[in-house]
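Single-structure report; data block below.
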DNA sequence: TAGGGTACTAACCTTTTTGTATGTATGAAA
DNA sequence: TTTCATACATACAAAAAGGTTAGTACCCTA
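Protein chains in written order, with my numbering: chain A, 1 to 115; chain B, 1001 to 1115.
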């Protein structure tokens, strides 16, 4: 375990910049299995606003984690998918699942123990 | 790889609630090696404001990731350390380091390739 | 008696993030 | 000619996050 020096630019901060915030990880995660259109994503993340979805997708594309493919049809058809780098967030999400799991397990334990 | 259903409460959201935001992970990370006093943490994370530091520490304690030990001395001496659950963020941080590393590697590659 | 060190509070303000509501372009189909 | 579907833009409002400043309490030391 090497030490991370907290400076203007450290791995934690870099990652937070790329995928921090309320929506980015949720969006990326939806794209893991298959590319999706906007309308499809809206269904998968029901409580996101259209504006946020578009806005976040744009930054994800800009930072190279997602790709936008415009089919040039009418009505518009646009598909979003993950880049190779975008796929690299999967282990991160796995760890979050792990962590959340342990956390809730722990809560439960404390309740039954009466702590 | 089981699928995560995006609902009001999913692992991603749970984790974001616990350690999301600009400071929580940075703070937790400082406590990995040793308990620290407020004044020591301020030195380690120079650009955090005192208010944020105290505020975030309080929520970390409330959510059971950190502990506050008051030595009851004058002038005040208080130490913060990680709980067992607090330590469980380490793999997460490790993954962030991984991710950020890959990301920057990738950027570099693209520059030298002229992409 | 004044000043120092430490953890913390509270009031207030600024910035960032998120949300809502409405509008635009396009060509096909009714 | 009107309507529809889709992706997206834009203006504005609300809420959340973050920052600044000025306190407080305590006992010790000068």
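Just so you know, even glycine gets a beta-carbon here, dropped at the ideal spot from N, CA and C.
These numbers were taken from a predicted model, which means no experiment stands behind them.
Asked: Would you mind working out which of 102(A), 87(A), 80(A) and 23(A) sits nearest residue 35(A), comparing C-alpha positions?; Found: 80(A)
Asked: Check the C-beta distance from residue 106(A) over to residue 1096(B) and give it rounded, since I have them as a contact under 8 angstroms.; Found: Not really, about 22 angstroms apart at Cβ, beyond 8 angstroms.
Asked: Whose C-beta lies closer than 8 angstroms to the C-beta of residue 1042(B) among residues of the same chain, with five residues either side of it excluded?; Found: 1048, 1050 and 1053
Asked: According to DSSP, is residue 97(A) helix, strand or coil?; Found: helix
Asked: Taking just the CA atoms, how far does residue 1038(B) sit from residue 76(A)?; Found: 55 angstroms
Asked: Taking only beta carbons into account, state which residues of the region 87 to 115 of chain A come closer than 9 angstroms to chain B, listed in chain order.; Found: 88, 89, 90, 91, 92, 93, 94, 95, 96, 97, 98, 99, 100, 101, 102, 103, 104, 106, 107 and 110
Asked: Report the rounded CA-to-CA distance for residue 13(A) versus residue 1108(B), giving the unit in angstroms.; Found: 18 angstroms
Asked: How would you list, in chain order, the residues of chain B whose beta-carbon sits under 9 angstroms from the beta-carbon of residue 12(A)?; Found: 1025, 1026, 1029, 1093, 1096, 1097 and 1100
Asked: Given a threshold of 16 other Cβ atoms within 10 Å of its Cβ, counted over all protein chains shown, does residue 1062(B) qualify as buried or as exposed?; Found: exposed
Asked: Could you please give me the residues that DSSP links to residue 78(A) through a beta bridge?; Found: 70(A)
Asked: Go to residue 1019(B), then tell me how far its alpha helix (DSSP H) extends in each direction, as first and last residue.; Found: 1011 to 1019
Asked: Under 7 angstroms, CB to CB, which of the residues in the region 1031 to 1059 of chain B have a partner in chain A?; Found: 1044 and 1045
Asked: For residue 1054(B), report the span of its alpha helix (DSSP H) as first-last.; Found: 1050 to 1062
Asked: Please work out which residues of its chain come closer than 7 angstroms, Cβ to Cβ, to residue 93(A), disregarding the five sequence neighbours upstream and downstream, and give them in chain order.; Found: 25 and 29
Asked: Tell me residue 1036(B)'s beta-bridge partners as DSSP assigns them.; Found: 1080(B)
Asked: Around the Cβ of residue 1056(B), are there at least 16 other Cβ atoms within 10 angstroms (buried) or fewer (exposed)?; Found: buried
Asked: How would you list, in chain order, the residues of chain B whose beta-carbon sits under 7 angstroms from the beta-carbon of residue 18(A)?; Found: 1103
Asked: Pick out whichever of 65(A), 17(A) and 104(A) has its Cα sitting closest to the Cα of residue 27(A).; Found: 65(A)
Asked: Using CA coordinates, which residue listed in 1074(B), 1040(B) and 1023(B) is at the minimum distance from residue 1058(B)?; Found: 1023(B)
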